[in-house]
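Only one structure is covered here, and it is reproduced in the block below.
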Amino acid sequence: MQFINVNVNIFLNRIYSTVYLTQRYYIWKYMRRLNLFTMKIPFNKLAAMLVCTLWCMQIAWAQTDNTTNKVPLSDRIANYDISATYNPDTKIIDGQMTLSWKNTSNDTLYEMQFHTYLNAFKNTQTTFMKERGGNMPWDKKTVSDLNWGWIDVLSIKTKNGLDLTDNTTYIQPDDKNENDQTVLRLRMGADTIFPGETVVLEMTFKSKLPKVIARSGWADDYVLVAQWFPKVGVYEHSGIRNVWAGKWNCHQYHSNSEFYADYGVYNVDITLPEDYITGATGLFEKERANTNGTKTVYYKAEDVIDFAWTASPRFRVIEDKHAGILIRLLVQPEHAYQADRYIGSLKIAIDYFNKYLGVFPYPSMTVVDPPIRGQASGGMEYPMLITAGTMWGMPEGIKMAEMVTIHEYGHNYFMALLATNEFEEAWMDEGMNSYYETRIMDENYGDASFVDFMGFRMSDYDMQRGGYVYSSNPRIAESTRNSWQFPAGSYGMLNYNKPATWLNALDRMIGRETMDELMKTYYDRFKFKHPTAKDFIAVANEVVTKKHGDRFGKNLDWFFDQVLMGTHVCDYAVKQVYNRPLTQPGGMYDKKDTRIFVSPEQVGTKFKATVEIQRVGDMQMPIEIMVIFENGEERLEKWDGLGTELKLEFETETKLVSVIIDPDNKLTMDINRSNNSFTLQQDHRAIWKYGVEFLFWLQNLLLVIVSFA
Amino acid sequence: MTITTAFTRGFTVAAKTPKMVLLVYFFNFALSAFVALAFVDGMQNAAGNSMILQSLLEKFHGGNVTDFLNNDGSVLKAYLSQVKWVLLMYWIATIFLSGGIIKTLNKEKFNVGTFFGATGYYFWRYLGLAVLMLVVHIIVLAIFIIPTSIILEAQWPQMSSERDLIYIIMGVAAGYLAVLGVIFMIADYAKFYLMLYDSVNVFKAYWKASGFVMRRLFRVYALYLMIMLISFIFVYLFIKLNEDIAMHTTAAIWLTFLVQQLFVFIRTWFRIWLYSSELELFAANYILDSKEAFAKEYFNDMEQKIVANSIAEKSAKTNEQTTTAAAETQTASKTETQQTTTKAETKSTAQTEEKTVKTVTTEHTKYMPQVTTEEALVEELKQTEVKTEVKQTEVKQVEVKQIDLNKTEVNQTDVKQTEASKTEVKQDAVVVENTTTTETATDEMMQKMYEQENSTTSVPDVDYDVYNDYDDGDPRG
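From first to last, the protein sequence lines are chains A and B.
Numbering-wise (the numbering used here), the first sequence opens with residue 344 and increments by one.
Numbering-wise (the numbering used here), the second sequence opens with residue 3 and increments by one.
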């Protein structure tokens, strides 16, 4: 019954689409003929407005009626109906696609640009491969033509039958590498796209999946199919993302880059061998068995920026439901015993984001556990579908599966819902998401949330911070570069570790409550949009000023200028601590006509304690200084951190014994915490403790050597 | 000798040498402390006045440690790099100490002079043996790794999961560890060979030890695994105990230090125990092999056994007669008791080859461990000047006298003479008397003894294929 209903719906939808698009076509032709937009006659303007209003209502009605979400959550610019057939022998997908793309700008467009990402794996001369050193990413012994990936756009026709297939050329907007075919330009010819117009393109394509590499491809009978269809770029018109003049934002596929796309609705059906178990972005709608040993599965996803799917006959499916979200875990049989680790951590993440950022708006979440040879597809995020990863025998104390699951789920906020441009501002999804990862991990798994194994303990926060402060050159570049322009080896540090660290610093500086409000405001304001760093900073300034006035200055620009736009390094140090008996002024003094000698004797039992603090780094941050006296008294001093040196003096009855800069570890950006404290009463017990341990393990190591003697 | 005997004897002998264990432990402690103290010193200097490491007193904090190491860790790396040199030094030191350890275990008495005398005396040959063992180990490692790599490379594309891969690697690792145990054991037994035979030929020693181990692999390995198993249980219990000691205070740090050092001491002792048990097994079996081989070639030796058995039977009969005579003549109950004792001991000597009697010690065999009665008997056949202890000699005297009584008449005087002969006698006298007895043995007796030889369990557990190894001869000879 359900099958019949769905088919009837599809049939009706198809009829409606045809009628609707035909109607729109004639409306536009009429408008163009009358040139209504340029008429000076008020009546005509009124008529034009009326026609436009009707047209908009048509669109709105059409969109809502055709989808599950009666009120679209996004602007649904790029909508796809894809019919794909996967051949597991050739690793080729034959696809037919109907793209419905809406020009939301005021610009008339004469071309469109598409990502043809799979061509990044076509040969060693693509930009992607060259940025990886130009070497083959697979084992040379086993490499064959099956390893390489590519996509051919076979035909493009407009809805009215205009064949645009020959109007395509590959372009290289980033590096002019002629061997790179990851951006396809389509000249619209006579069928220009007017403001507000929706263009409908019928396309056929053939996608050859690579042997798994960079989040996509096949490994034996497992496939993770991502960036697999011609995906339209984002036309950024004036007013969004700091763009002054409209242009296509369609970058090539780079080694470090991720993606950027508009929201839309995806109706996808996939035909593949009947024994394959599938998972995909969106909701599973139905499955139809075919007569040739294949089946066709139907998925629908609304208000998403991408569509990825996976299939394998080896998947074991574990389903659960939490907070109204259908959880589907597609796990390898040998990893099934770790299902609780995946699902448990996913539930933690769902609850956390629901509470602190916003309720997850999608109906389902699929977690994919790749096989060992498909690990290169692990740890990746797609809307409503994430890939995690673990290994058989992974100790409980190493929470890799949990961390990856939480991180990738977080990307459904920082990427899928806050659809930042990952090509140009990668820190906005990776950094913010890593910040939440540290929060969720540490608050739920304790202070050894990342590793608690064989005596070694490390929190997720320490892991993220370590990636920044222990890097060979923390000031190597600012985080605001395009993803392909970072110095070698610094992409991860500058987009994951450093932003996560300074977001933690911001959190501890302005307080958790303010931080949560900041992030929530940012989310509410920009969900289903394409926010930029400036948007985030504006929200931060607004919220912090509202909550704290000018406590942190007029705004927080000084903070972001240093941690985000700049390459400043934070390092404060205690230079000296010393106590001297407090003495009265001594020496020779002239008093009237006589010169008297005053002995510089100690005043009672008082001491003059002095603390000298230095700013070693060039980053200026407000800091707190705790001074501890011999009698246990503690005082907390504050410094704006602007100068290069601070001298604190105390007249006390007891000696000052210890000084600690940033006692509450708010200054997460400080690259050297060893010099943040100074004591005159050193307690070496901790060192002896580990000395004893070191001795013991060395002795045991020697006893092992005995057997070889 | 059974493995349980070797196990318990080894335990007893090892327990008698606490001073030696302490000495060996001290070497371990001194070398380790040399680096550990430098480590502590380096940490203190690097930390300076910083309080960053103080938080580690409560618990390990990866962030603070890595912060510290990132900024001040270069000095420590230098200290830690010393570890490899300490390992090398300890490897050499262990080789050096081995001679003294084995010699002490053989003598069952620790003497500093003797200990270090032996360390120097056997150092070079043990060093050669250790190098040889390393070469063998590398070859074995290659034998495991190369085929495994080839198989894995070929099989990997067909494997559906890393679990299969891990299983294979674990299986190979288990096999490797099993073989590694054999390598270690061979090295131990080769050391015993080098010492007991005072040989300098490490290749021959390794070859002989290999033969010894392979011929009785189950027993040798069982002994090894028994002690290893106890070691692992001990280690496990210690780890559990160690987890419960929170090193948050000075007292707790000291307590942990003491417990850990006790652990190391006991682990050192376990190693000595292993040596001791292996030495017991080796001495009892390998030398016995040699004796049996000797006896096989020289049939006379077999005859001696037959005679010995016949003596036992005759002795038993004589004892009965003696007892009767004693009763009839109403001799003192003292004599009767002695006869009974003599009977029992004689029977034991004849039928229970495994039963341990007193050590046969000569000036030249001071490294020899205890041997069985049969060994002693065979030994007696070869030696011309062997001092047996009073009790055993007493028994043999009784045997000889009683056989003589077969020819003549039993009289109480002989018994009294036996009682009176509780002094040491020369081995040559025994030989002479035994030869005399052999000459008087009948074919029937011979046949009976052959049957007994072939059927009885009194013959110790001997691998007869070892006979071709007899050329080692008696290390005492």
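All residues carry an ideal CB built from backbone N, CA and C; glycine is no exception.
* **Amino acids of chain A, ordered along the chain, whose beta-carbon sits closer than 8 Å to that of T270(B)** => L1046
* Just curious, the beta strand (DSSP E) that Y578(A) is in, first and last residue? -> V577 to E579
* Asked: Among E628(A), V647(A) and Y619(A), which one has its Cα closest to the Cα of T637(A)?
  -> Y619(A)
* Assign T451(A) to one of three DSSP states: helix, strand, or coil. => coil
* Should the stretch 250 to 268 of chain B be called in touch with the stretch 1034 to 1048 of chain A, which here means at least 3 C-beta pairs below 8 Å? -> yes
* Asked: Based on the DSSP output, what are the partners of T637(A) in its beta bridges?
  -> P616(A)
* Would you check if the stretch 946 to 956 of chain A and the stretch 914 to 933 of chain A touch, i.e. whether three or more CB-CB distances between them fall below 8 Å? => yes
* **Own chain partners of L196(B) with C-beta closer than 6 Å, once the 5 adjacent residues on each side are dropped** => R127 and A207
* Confirm, please, whether the CB-CB distance from Y699(A) to D803(A) is below 9 Å. => no
* When D772(A), T624(A), E765(A) and M737(A) are compared against V711(A), the one with the closest alpha-carbon -> T624(A)
* Asked: Nearest to F572(A) by alpha carbon, out of D961(A), R671(A), D517(A) and Q439(A)?
  -> Q439(A)
* Which residue from G1034(A), V1035(A), L1038(A) and R1028(A) puts its Cα closest to that of S57(B)? -> R1028(A)
* What's the call for Q595(A), buried or exposed, on a 16-neighbour Cβ count within 10 Å? -> buried
* **Nearest to T451(A) (by Cα), restricted to the options Y705(A), G532(A), G960(A) and A759(A)** => G532(A)
* Between M743(A) and A588(A), what straight-line distance do the alpha-carbon atoms span, to the nearest angstrom? -> 44 Å
* In chain order, each alpha helix (DSSP H) run of at least 4 residues that lies wholly inside the stretch 696 to 767 of chain A -> 743 to 753
* To do: Mind checking the stretch 66 to 78 of chain B against chain A and listing, in chain order, the residues whose C-beta falls within less than 8 Å of any C-beta there?
  => N66, T68, D69, F70, N72, N73 and D74
* Asked: Taking buried to mean at least 16 other C-beta atoms within 10 Å of its own C-beta, is W444(A) buried or exposed?
  -> buried
* Does any CB atom of chain B fall closer than 9 Å to the CB of M801(A)? -> yes
* To do: Spatial neighbours of L276(B) within its chain, please: CB distance less than 6 Å, with the 5 preceding and 5 following residues excluded, ordered by chain position.
  => I229
* Under 9 Å, do G986(A) and P965(A) count as touching if we go by C-beta distance? -> no
* Asked: Can you name the residues of chain A whose CB is closer than 9 Å to the CB of G64(B)?
  -> A791, F793, V794, F799, R800, M801, S802, D805, M806 and G809
* Say whether chain B places a C-beta atom closer than 9 Å to the C-beta of M734(A). => yes
* Asked: Given a limit of 8 Å on CB to CB distance, which residues of the stretch 10 to 35 of chain B reach chain A?
  -> N30, F31, L33, S34 and A35
* **Per DSSP, the bridge partner or partners of V1002(A)** => V970(A) and F1021(A)
* Can a CB atom of chain A be found closer than 9 Å to the CB of I54(B)? -> yes
* Asked: Can you find a C-beta in chain B that's less than 9 Å from the C-beta of P616(A)?
  -> no
* Asked: To the nearest angstrom, how far is it from the Cα of M746(A) to the Cα of A254(B)?
  -> 35 Å
* Asked: For K21(B), which residues of its own chain have a beta-carbon under 6 Å away from its beta-carbon, when the five flanking residues on both sides are left out?
  -> F112
* To do: Identify whether T653(A) lies in helix, strand or coil by the three-state DSSP scheme.
  => strand
* Asked: Residues of chain A with CB under 7 Å from Y92(B), in chain order?
  -> L1045 and I1048
* To do: Check each residue of the stretch 1016 to 1038 of chain A: if its Cβ is closer than 9 Å to any Cβ of chain B, include it; give the result in chain order.
  => R1016, S1017, N1018, N1019, S1020, F1021, T1022, L1023, Q1025, D1026, H1027, R1028, A1029, I1030, W1031, K1032, Y1033, G1034, V1035, E1036, F1037 and L1038
* Asked: Along chain A, in chain order, which residues have C-beta atoms closer than 9 Å to that of V37(B)?
  -> F1037, L1038 and L1041
* Residue of F766(A), N764(A) and G810(A) minimising C-alpha distance to S777(A) -> G810(A)
* Asked: Is E967(A) close to chain B, meaning its C-beta is less than 9 Å from at least one C-beta of that chain?
  -> no
* To do: Can you grab the Cα-Cα spacing for the pair F627(A) / N635(A), in whole Å?
  => 22 Å
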